[in-house]
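See below for the structure under consideration.
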């Protein structure tokens, strides 16, 4: 599988996920998904357009994916996993990178004070790592199984 395609899919998926979080945080989503953690994102989304916030999310996921790929190429022999076994191995350093990047975003205040309430409630690390894992798994499935079907059409 190709790294550039994987990056593009991850970017788009992160944008869509961020737009969804924005809608839920701003009471536009289904009530059964509401949580205090998601609601604590409201100040982050208030001072920027939905597109700008989603671009930030896409760039953050792409940065994490590039870091991950630069580590996995020399250590595992591939930039992007090509099969399920490689994917499962790939997810181990991905979790660590997502965890550390989320902590860095919090400690360095990269997106400003608007995320303080979120990190106070959710903590830094775990949710960022899980979001990164989610993005990688869905992007892998899209690239491995959906894109080949679309090419045949």
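Numbering (the numbering used here), first residue to last: 13 to 165. Yeah, the Cβ is synthetic: ideal placement off N, Cα and C, and Gly gets one too.
Are residue 155 and residue 27 closer than 8 Å when you measure CB to CB?
The beta carbons of residue 155 and residue 27 sit no closer together than 8 Å.
Under 8 Å between the Cβ atoms of residue 25 and residue 150?
Yes, they are a contact pair.
Within 8 Å, strictly: CB atoms of residue 53 and residue 130:
For residue 53 and residue 130, yes; Cβs fall inside 8 Å.
Buried or exposed for residue 100, going by 16 or more other Cβ atoms inside 10 Å?
Its Cβ having fewer than 16 others within 10 Å, residue 100 is exposed.
Closest by CA to residue 79, which one among 68, 55, 112, 98?
Of the candidates 68, 55, 112, 98, the one whose C-alpha sits nearest the C-alpha of residue 79 is 112.
Would you mind sorting residue 127 into buried or exposed? The rule is 16 or more other CB atoms within 10 Å of its CB.
Buried, because 16 or more other Cβ atoms sit within 10 Å of the Cβ of residue 127.
If we count the other Cβ atoms within 10 Å of its Cβ and call it buried at 16 or more, is residue 141 buried or exposed?
By the 10 Å Cβ count, residue 141 comes out buried.
Alpha helix (DSSP H) containing residue 34: first to last residue?
For residue 34, the uninterrupted alpha helix (DSSP H) segment begins and ends at 15 to 37.
Near residue 33, which residues of its chain fall below 7 Å by C-beta distance, leaving aside the five closest residues on each side in sequence?
Cβ neighbours of residue 33 beyond the five flanking positions: 50, 53.
Please classify residue 22 as buried or exposed, where buried requires at least 16 neighbouring CB atoms within 10 angstroms.
Classification of residue 22: buried, given that the 10 Å Cβ count is 16 or more.
In terms of residue numbering, what span does the alpha helix (DSSP H) encompassing residue 56 cover?
Boundaries of the alpha helix (DSSP H) around residue 56: 54 to 58.
Reduced DSSP category for residue 110 - H, G, I as helix; E, B as strand; rest coil
In the structure shown, residue 110 falls within a helical segment according to DSSP collapsed to helix, strand and coil.
Looking only at its own chain, which residues have a Cβ that is under 8 Å from the Cβ of residue 110, when we skip the five neighbours before and after it?
Closer than 8 Å at Cβ, skipping near neighbours: 76, 140, 141, 142, 143, 144, 145.
Alpha carbon to alpha carbon, how far is residue 66 from residue 121? Give it in angstroms, no decimals.
When only Cα atoms are considered, residue 121 and residue 66 end up about 18 Å apart.
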